[in-house]
Amino acid sequence: MTSSSPALTAPRAKARPAAGVALAVAIPALLLAFLWGRTVNHDTAWFLIATRDWLEGARLYVDIFEVNPPLNFYLTVPPLILSDLTGISGPNAQYAVICAAMAVSLLTCLRLFPKDLARSAPRSAVALLGLAVAMILPAMNDIAQREQVMLILTAPWLIAQLPRRVSLPLRTVIATAAVAGVGICLKPFFLLIPAFVTLWQVAATRSLKPILSPANLTMGAVGLAYVGAVWALHPEYFRDVIPLARDVYGAIALPQDRTLGFLLVTAAPFAPFALALLTGRNVPPGTGIFAAAALGGLASYIIQWNGFQYHTIPLEGFALMACFWVLAHSPRPTPVAALASLAIIGAGYVSFAQGLYRNPQLDELTANLDPAWQADGVLVLSTEVTAGPPVALALGTSWAGRYPHLWPIPGALSALAATDCAAAPETCARLNAILTRVRQDIVTDIESHHPDLLIFDRGYGFIDDQSFTWDSFMAPAPDWQAILKDYRPARPSRHFDILLRCTGATGPRAQSCATLPD
């Protein structure tokens, strides 16, 4: 019996990592099959369109005027290359890349699990499943959003930060931190996540050494290199975008009650679990790493405070990691494990209640656009990104504007309404100059691209002035009336005015124009 033991145990030892590898690959593969052909969220649609324009010669922050720093443009290049090489659509290529990144992240985490966890196939599977659920469940409504990308890129770093008997090689610590640094650089608010993790490490070790750990120094180096690269390659971002965003972007926010509501709905399932963690009883070592990251996600949401649902993804994702980590280390039922299970069930219920991504504006517009028009180019005058780039992507045509949505307008109008121009003439002059610039940009974009479809959103999102109309806003712009002469009102829509370019129209579009009023 003794001599046969090695032969019997060797296959099992090999089966354990093989099972983990299969799980790490199968989950992203199943997700890809589920997502294939589905509508991509509006922000991802914009980056697919804008990055394509950039690769074809448009200048970032000049011809493409985006409020966010440029890293996500660079990260959108691989899906477009994949799309070009394989012929699959941009959204499907984006899904394929995000799922591949998830698989690599999970495989890396599996390799980095502490030995006491790696020795148990069931416990290792629970922890790995938890990481996958954390990357997917909170983002089901917003696949490929920057928050989800950040979760995927930072997961191996978090696993590398776990307390363990034998330290990881320095190169591994640096590599995981460097990749995580890329994820953190997607948004400046994400800096709060490593900050809270470091605070937890300082408290747990009662030492300040974690502040200058190799991982933190690596992240800092990545961040500084990124800022330097943006300064050198895209100086317009610092010169033009940041000052403008500082003046007006704060108006792009949902009402306070909805902002608070999203936070409460997301956090509620985890509240009892969080209280149980504070007791410290039956809490596995390392749980605090994930809990601290979740607190960083919470702080990120609070600082942004504009009510966009996808901003809760870091909070929910890291909290789910903490829950599954507890379950993976609980061989028998404990109160904290029970509360972790309830939190997972509650988070799953909230996610499924919210459902997959929906875009009513896109549905309305595509239902009212006649395929016979064969439109080449579309521009939607809207202050909401949901109404614009997704339509161009769905139609397979070009986007004729430099803005994803006309985000400078609500803030400038709101600030003007709140300013006494007699007492602060310089402020009003600056705000009026912003509005004049946006009008001219719209005119220039239309004159340069000649979009066949010109669409006006009557929703006026984020604009408090109930008397606002696009006609009144654009009236002061030179050449605006001349531009409108090229278009005729087309099929009516509930929330949109749709104009078809008839000047120079040929084929089916010319036939459609002949039936439209002047």
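Just so we're aligned: 262 in UniProt numbering is position 262 of the sequence shown, and the numbers increase by one with no gaps anywhere.
The beta-carbon is built from N, C-alpha and C at its ideal position, and this holds for glycine as well.
Taking C-beta to C-beta, are residue i and residue j nearer than 7 Å?
i	j	result
leucine 383	proline 410	With the sequence shown as reference, residue 383 is identified as threonine, and leucine is not the correct amino acid for it. A contact, by the Cβ cut-off of 7 Å.
isoleucine 289	glutamine 161	yes
leucine 315	glycine 297	yes
alanine 178	valine 222	yes
histidine 42	threonine 386	yes
alanine 29	proline 390	no
leucine 431	alanine 415	yes
cysteine 185	proline 156	no
alanine 394	proline 508	no
tyrosine 61	glutamate 236	yes
phenylalanine 262	threonine 205	no
serine 493	glutamate 364	yes
methionine 102	methionine 135	yes
threonine 259	tryptophan 305	yes
asparagine 141	tyrosine 357	yes
phenylalanine 189	serine 300	yes
valine 67	alanine 225	no
leucine 454	leucine 406	no
Counting C-beta neighbours from all protein chains within 10 Å, is the total for residue i 16 or more, i.e. buried, or is it exposed?
i	result
lysine 187	buried
serine 4	Reliability fails at serine 4, whose pLDDT of 41 lies under 50, so the model's placement of it is uncertain and the value that follows must be treated cautiously. It is exposed - the Cβ of serine 4 has fewer than 16 other Cβ atoms within 10 Å.
alanine 10	Low local confidence applies: a pLDDT of 42 at alanine 10 is under 50, so the model's placement there is unreliable, with the coordinate-based value given in what follows. With fewer than 16 Cβ atoms within 10 Å of its Cβ, alanine 10 is classed as exposed.
phenylalanine 352	exposed
proline 489	exposed
aspartate 518	exposed
threonine 287	buried
tyrosine 74	exposed
methionine 99	A small correction: the amino acid at residue 99 is cysteine; methionine does not occupy that position in the sequence shown. Classification for cysteine 99: buried.
threonine 176	buried
alanine 392	buried
aspartate 445	buried
leucine 500	buried
cysteine 421	exposed
tyrosine 349	exposed
proline 404	buried
cysteine 502	buried
tryptophan 325	buried
aspartate 464	exposed
glycine 183	buried
serine 467	exposed
alanine 13	For alanine 13, the predicted structure reports a pLDDT of 45, less than 50, and the residue's modelled location is therefore unreliable. A value from the coordinates is still provided. Classification of alanine 13: exposed, given that the 10 Å Cβ count is below 16.
leucine 143	According to the sequence displayed, residue 143 carries isoleucine and not leucine. The residue is buried, with at least 16 neighbouring Cβ atoms inside 10 Å.
isoleucine 498	buried
valine 166	exposed
What residues in its chain sit with their C-beta under 6 Å from that of residue i, if we drop five residues either side in the sequence?
i	result
alanine 343	Pro269, Phe270, Phe273 and Cys323
serine 330	Ala337
residue 526	Nothing in the structure corresponds to residue 526, since the chain is present only between 1 and 518.
alanine 215	Val173 and Ala177
proline 79	Ala93, Gln94 and Val97
alanine 319	Phe270 and Ala294
Assuming residue i contacts residue j under a Cβ cut-off of 8 Å, what Cβ separation, rounded to an integer in Å, is found between them?
i	j	result
alanine 293	isoleucine 193	5 Å
residue 519	aspartate 376	Lying outside 1 to 518, the shown extent of the chain, residue 519 is not represented and no answer is given.
isoleucine 152	serine 105	5 Å
isoleucine 442	leucine 484	About 12 Å; that fails the 8 Å criterion.
leucine 23	alanine 96	Contact flag wrong, Cβ pair sits at about 19 Å.
glycine 20	serine 120	In fact, because the Cβ distance is near 11 Å, the residues do not count as touching under 8 Å.
phenylalanine 462	isoleucine 252	6 Å
serine 341	leucine 327	7 Å
residue 519	alanine 132	Outside the displayed range of the chain (1 to 518) lies residue 519, so it cannot be described from this structure.
proline 114	arginine 164	4 Å
serine 512	histidine 449	At roughly 20 Å, the Cβ-Cβ gap does not stay under 8 Å, so serine 512 and histidine 449 are not in contact.
Suppose the cutoff is 7 Å on Cβ atoms and the five residues either side in sequence are ignored; what does the same chain contact list for residue i look like?
i	result
glutamine 440	Ala477
glycine 181	Thr218, Met219, Val222 and Gly223
alanine 58	Ile64
proline 284	Trp325, Val326 and His329
tryptophan 470	Leu381 and Phe456
arginine 402	Asp63, Ile64, Phe65, Asp441 and Asp445
For residue i, collect the residues of the same chain with a Cβ closer than 8 Å to its Cβ; drop the 5 residues on either side in sequence, then sort them by chain order.
i	result
threonine 86	Ala93
leucine 168	Leu112 and Ala160
proline 335	Ala276, Arg281 and Asn282
proline 210	Thr198, Gln201, Val202 and Asn216
residue 519	Since the first and last residues shown for the chain are 1 and 518, residue 519 lies out of range.
leucine 129	Leu23, Ile27 and Phe324
leucine 516	Arg488, Pro489, Ala490, Leu500 and Cys502
Ignoring anything shorter than 3 residues or poking outside the stretch 55-79, list the beta strand (DSSP E) runs there in chain order. none
Give the list of continuous alpha helix (DSSP H) stretches no shorter than 4 residues that lie fully inside the stretch 142-227. 146-160, 170-184 and 192-205
To test your reading of the DSSP string, which unbroken beta strand (DSSP E) runs of 3 or more residues are found completely within the stretch 30-55? none
Would you mind listing the alpha helix (DSSP H) stretches within the stretch 411-478 that are 4+ residues and don't spill past its ends, in chain order? 425-449 and 470-474
Sequence ranges, alpha helix (DSSP H) only - wholly within the stretch 330-354, length at least 4: 335-354
Please list the segments of the alpha helix (DSSP H) lying wholly inside the stretch 369-409, counting only runs of 4 or more residues, in order along the chain. 389-395
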